[in-house]
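Novice: In the numbering used here, the protein residues as written are 11 to 459. Ideal placement from N, C-alpha and C gives every residue a C-beta, glycine not left out.
Take a look at the structure:
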């Protein structure tokens with residue numbers, strides 16, 4: 011399914027993280043000549059870069075982009091971490107060169123299987139992992155790919171006979187995925203995010219709406235019935251729509267009075283059997299159950315699958331209790347909305363670690379939620395002064411320096427029976443390579459206690 015025009019020319023791959031490497035390998039396997047570049051001198055994965063250089067028809071360049079070569083390319087494949095104003099993408103647009111994502115290339119390269127796509131502001135990764143887990147519990151060959159870690163292009167290259175691919179897809183990836191159309195789609199929720207990259211919330215939501223691009227009556231959409239923004243996003247979209255809700259009866263909903271998660275009016279499992287913190291994870295479970303049920307999984311198997319699912323690393327991950335203090339790693343909370351749901355999941359007094367690289371949102375939204383149970387906020391990183399300015403006077407705030415200093419301050423502030431919650435509401439790029447390294451550092455420092 012690779013376009014014939016690409017075979018006659020050369021395709022430029024911009025950004026050589028996991029997505030860019032996977033796209034390069036898939037294109038080379040299809041007989042396409044590739045110019046693969048990264049602005050960083052050391053983009054990581056040196057062994058994998060060496061392997062790329064051995065592929066026929068592939069030229070790898072690090073430390074710069076040859077803009078003339080990009081302008082003359084048949085197409086540009088952009089990694090999700092490359093901002094739209096990056097020079098190679100600006101050069102491609104000015105020359106009329108089409109820009110697509112690795113997700114789009116991977117989707118075009120698939121030879122079998124059906125797709126379930128998950129997008130939204132928060133809960134994407136957990137819901138993606140849940141859906142794949144439920145499908146596998148039913149004996150189906152399913153794999154979680156996309157923004158969750160394993161590129162879709164890598165799955166397409168391996169040509170494994172999957173029955174279902176469960177794809178986490180971000181707004182950045184949707185922006186450049188004109189051919190991507192899942193059989194089943196989930197929108198978890200919507201909240202302002204990535205305002206360091208988008209000019210407005212509306213522009214961010216517009217990219218989310220691209221999930222529905224090309225929809226027909228054959229698509230099946232799972233929507234958050236409690237989120238008016240999600241419902242507005244899907245208004246008028248072709249295909250069947252179902253809803254999940256924490257507030258009242260829906261296709262799948264949480265009956266708080268009885269403590270049951272329900273599917274199509276029937277009891278699915280009790281809340282206490284779901285080993286995940288927070289009401290937001292109840293919503294994620296309901297969304298995953300609806301999608302897996304549409305894929306053919308029986309309610310009894312869904313219930314067993316939900317019971318056996320454990321929290322993912324860096325997502326309200328209970329690391330360890332030390333001296334009566336529970337340390338929770340929620341490093342994946344890279345925006346204010348995600349930190350809100352983490353705070354709402356806390357049933358004990360807590361010390362909150364907030365900081366990193368600012369993404370454009372004020373932190374004042376957290377103030378009323380912190381007044382009741384938050385013992386102290388430890389603010390750190392580039393966003394530290396902004397966090398302190400937004401929250402001082404609402405909750406005790408102190409500033410940390412290094413991450414080790416932040417952890418030491420948190421340990422001093424917490425009391426037996428408390429939680430120390432890393433839920434930063436910021437990206438990690440000021441101090442860490444990514445949120446995973448930040449969470450792993452948190453876990454390592456806790457394990458040393």
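Can residue 329 and residue 339 be called in contact, C-beta distance under 7 Å?
Specialist: Yes. Within cutoff.
Novice: Does the distance from the C-beta atom of residue 410 to that of residue 419 stay below 7 Å?
Specialist: A contact, by the Cβ cut-off of 7 Å.
Novice: Reducing DSSP to helix, strand and coil, say where residue 307 ends up.
Specialist: Looking at residue 307 - three-state DSSP - the assignment turns out to be coil, as it is neither helix nor strand.
Novice: Confirm, please, whether the CB-CB distance from residue 45 to residue 79 is below 7 Å.
Specialist: The answer is yes: Cβ separation under 7 Å.
Novice: Figure out for me which residue from 143, 86, 232, 24 has the closest Cα to the Cα of residue 311.
Specialist: Comparing Cα-Cα distances from residue 311 to each of 143, 86, 232, 24, the minimum goes to 143.
Novice: Would you check if there are 3 or more beta carbon pairs closer than 8 Å linking the stretch 161-175 to the stretch 107-120?
Specialist: The answer is yes - the stretch 107-120 touches the stretch 161-175, with three or more Cβ pairs under 8 Å.
Novice: From the DSSP secondary-structure annotation, give me the bridge partner or partners of residue 375.
Specialist: In DSSP, residue 375 forms no bridge with anything.
Novice: For residue 389, name the three-state secondary structure that DSSP assigns.
Specialist: The answer is strand: DSSP assigns residue 389 an E or B state.
Novice: Which residues in the same chain as residue 63 place their Cβ atom closer than 7 Å to its Cβ, once the five residues preceding and following it in sequence are excluded?
Specialist: Correct list, in chain order: 70.
Novice: Thinking residue 325 and residue 429 are a contact (beta carbons under 8 Å), I'd like their distance in whole angstroms, please.
Specialist: Residue 325 to residue 429, Cβ: 15 Å. No contact.
Novice: Along the chain, where does the beta strand (DSSP E) containing residue 331 start, and where does it finish?
Specialist: 327-332 is the span of the beta strand (DSSP E), which, as asked, contains residue 331.
Novice: Taking 6 Å as the cut-off, is the beta-carbon of residue 159 closer than that to any non-hydrogen atom of the ligand FAD?
Specialist: This structure lacks the ligand FAD, and indeed carries no ligand of any kind.
Novice: Measure the alpha-carbon distance for residue 378 versus residue 200 and round it to whole angstroms.
Specialist: Taking the straight line from one Cα to the other gives about 21 Å.
Novice: Would you tell me roughly how many angstroms separate the C-alpha atoms of residue 334 and residue 421, rounded to the nearest one?
Specialist: Roughly 11 Å between the two C-alpha positions.
Novice: Assuming residue 278 and residue 313 make a contact with CB atoms under 8 Å, what is their CB distance in whole Å?
Specialist: With 8 Å as the limit, residue 278 and residue 313 qualify as a contact, their Cβ atoms being about 5 Å apart.
Novice: Going straight from the alpha carbon of residue 175 to that of residue 304, what length do you get?
Specialist: Spanning the two alpha carbons is a distance of roughly 14 Å.
Novice: Might you give, ordered along the chain, the residues of its own chain that have their beta carbon closer than 8 Å to the beta carbon of residue 289, omitting 5 neighbours on each side?
Specialist: Correct list, in chain order: 256, 264, 351, 354, 355.
Novice: Where does residue 92 fall in DSSP's three states?
Specialist: It is coil, neither helix nor strand.
Novice: In angstroms with no decimal places, state the Cα-to-Cα distance between residue 74 and residue 47.
Specialist: Going from the Cα of residue 74 to the Cα of residue 47 covers about 7 Å.
Novice: For the candidate residues 186, 161, 152, whose alpha-carbon lies nearest to that of residue 171?
Specialist: Comparing Cα positions, the closest option is 152.
Novice: I need the DSSP call for residue 4, collapsed to helix, strand or coil.
Specialist: It is not possible to answer for residue 4, since the shown part of the chain is limited to 11 through 459.
Novice: Locate the beta strand (DSSP E) running through residue 22, then write down its first and last residues.
Specialist: Element bounds for residue 22: 20-24.
Novice: What is the DSSP secondary structure of residue 439, counted as helix, strand or coil?
Specialist: Three-state result, residue 439: coil.
Novice: Identify every run of the beta strand (DSSP E) within the stretch 102-131, keeping only runs that are complete inside it and at least 3 residues long; order them along the chain.
Specialist: The qualifying runs are 109-111, 124-129.
Novice: May I ask you to list the residues that DSSP assigns as paired with residue 230?
Specialist: Its beta-bridge partners are 194, 250.
Novice: Should residue 437 go down as buried or exposed, given a rule of 16 or more other Cβ atoms within 10 Å for buried?
Specialist: When all chains shown are included, residue 437 counts as buried.
Novice: Counting pairs of beta carbons, one from the stretch 12-27 and one from the stretch 83-96, are three or more of them closer than 8 Å?
Specialist: Taking 8 Å as the limit for Cβ pairs, the verdict is that the stretch 83-96 does touch the stretch 12-27.
Novice: Determine the extent of the beta strand (DSSP E) in which residue 47 is found, giving its start and end residues.
Specialist: Segment 43-48, the beta strand (DSSP E) holding residue 47.
Novice: Please decide whether residue 446 counts as near chain D, where near means a Cβ-Cβ distance under 7 Å.
Specialist: In summary, chain D is missing from the structure at hand, where a single protein chain is found.
Novice: What residue does the beta strand (DSSP E) around residue 407 start on, and which one ends it?
Specialist: Unbroken beta strand (DSSP E) run through residue 407: 407-409.
Novice: Below 8 Å, how does it come out for the stretch 153-161 and the stretch 184-192: are there three or more Cβ pairs, yes or no?
Specialist: Flag = no, the stretch 153-161 and the stretch 184-192 do not touch.
Novice: Which residues in the same chain have their Cβ closer than 7 Å to the Cβ of residue 440, if we skip the five residues on either side of it in sequence?
Specialist: Same-chain partners within the cutoff: 366, 367, 391, 392.
Novice: Ignore the nearest five residues each way along the sequence and tell me which others in residue 282's own chain have a CB closer than 8 Å to its CB.
Specialist: Same-chain partners within the cutoff: 269.
Novice: Cβ atoms of residue 131 and residue 242: under 7 Å apart, would you say?
Specialist: No, Cβ-Cβ distance for residue 242 and residue 131 is not below 7 Å.
Novice: Who are residue 270's beta bridge partners in DSSP?
Specialist: 265, 280, per the DSSP bridge assignment.
Novice: Could you check the C-alpha separation between residue 28 and residue 112 for me, to the nearest Å?
Specialist: So the alpha carbons of these two residues sit roughly 10 Å apart.
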